[in-house]
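*Asks:* Sending over a structure as structure tokens; questions will come in a sec.
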Amino acid sequence: NPKKMNIRTIYSLYLKIKYYYVYKKILKQKIDYLDNSLKEFDWIKIPQKNINNLNSYYTICVEKGIRYKLGLYLAERGFQTTWNYIPVTWYLAYQENENKTPNAFSLSEKVLSLPFMGLSNKKIEKMISTISNFEKELL
Numbered sequence: 131n132p133k134k135m136n137i138r139t140i141y142s143l144y145l146k147i148k149y150y151y152v153y154k155k156i157l158k159q160k161i162d163y164l165d166n167s168l169k170e171f172d173w174i175k176i177p178q179k180n181i182n183n184l185n186s187y188y189t190i191c192v193e194k195g196i197r198y199k200l201g202l203y204l205a206e207r208g209f210q211t212t213w214n215y216i217p218v219t220w221y222l223a224y225q226e227n228e229n230k231t232p233n234a235f236s237l238s239e240k241v242l243s244l245p246f247m248g249l250s251n252k253k254i255e256k257m258i259s260t261i262s263n264f265e266k267e268l269l
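Each residue of the sequence shown is one higher than the one before, starting from 131 at the first, in the numbering used here.
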């Protein structure tokens with residue numbers, strides 16, 4: 131509701147619009163850094179990213195048995211992950227398309243989303259290091 135916007139909200143929106151391309155460039159750098167850093171782990175699959183459709187989390191795919199363990203391991207060390215992918219055919223409007231999305235359910239059990247928005251480069255490096263420690267300790 132525009133009537134309820136205070137000056138702080140308006141100024142915040144103004145800054146986001148003004149610095150959108152700078153913000154987008156910083157996010158792209160973080161995504162590229164994560165892409166390159168996570169390539170060293172052959173058990174992590176990195177889905178193709180669309181820089182124009184950014185999210186608060188960086189999505190990876192791991193095997194079903196690893197997803198929960200990695201998510202818990204990271205959470206215990208201060209990195210809140212999420213597995214928020216729901217197969218489209220679970221929505222009533224798309225149930226008739228179930229045969230058109232044969233990998234949706236399998237994928238829903240493998241997707242893990244890592245935080246990256248708002249994390250400093252140093253924190254992202256620590257998260258990568260934590261993933262490396264997970265690999266050494268639990269895989």
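Even for Gly, the Cβ is constructed at its ideal location relative to N, Cα and C.
In this text the structure is predicted, and so the values were computed from the model without any measurement.
What do you reckon, are the CB atoms on residue 246 and residue 203 nearer than 7 Å?
*Replies:* Position 116 of the sequence shown holds residue 246. Position 73 of the sequence shown holds residue 203. Cβ distance not < 7 Å, so residue 246 and residue 203 don't count as in contact.
*Asks:* What did DSSP end up calling residue 169 once you bin it into helix, strand or coil?
*Replies:* Here residue 169 corresponds to residue number 39 of the sequence shown, with the count starting at 1. Residue state, collapsed to three classes: coil.
*Asks:* What first and last residue would you give for the alpha helix (DSSP H) that runs through residue 174?
*Replies:* Here residue 174 corresponds to residue number 44 of the sequence shown, with the count starting at 1. No alpha helix (DSSP H) contains residue 174, which DSSP labels as neither H nor E.
*Asks:* Spatial neighbours of residue 205 within its chain, please: CB distance less than 7 Å, with the 5 preceding and 5 following residues excluded, ordered by chain position.
*Replies:* On the sequence shown, residue 205 is found 75 positions in, with the first residue counted as 1. Cβ neighbours of residue 205 beyond the five flanking positions: 211.
*Asks:* Would residue 208 be called buried (16 or more neighbouring beta carbons within 10 Å of its own) or exposed?
*Replies:* As a first step, residue 208 is located in the sequence shown; it is residue number 78 there, counting from the start. It counts as exposed.
*Asks:* Per DSSP, what are the beta-bridge partners of residue 243 in this structure?
*Replies:* As a working note, residue 243 is residue 113 in the sequence shown. Answer by DSSP bridge pairing, in chain order: 189, 212.
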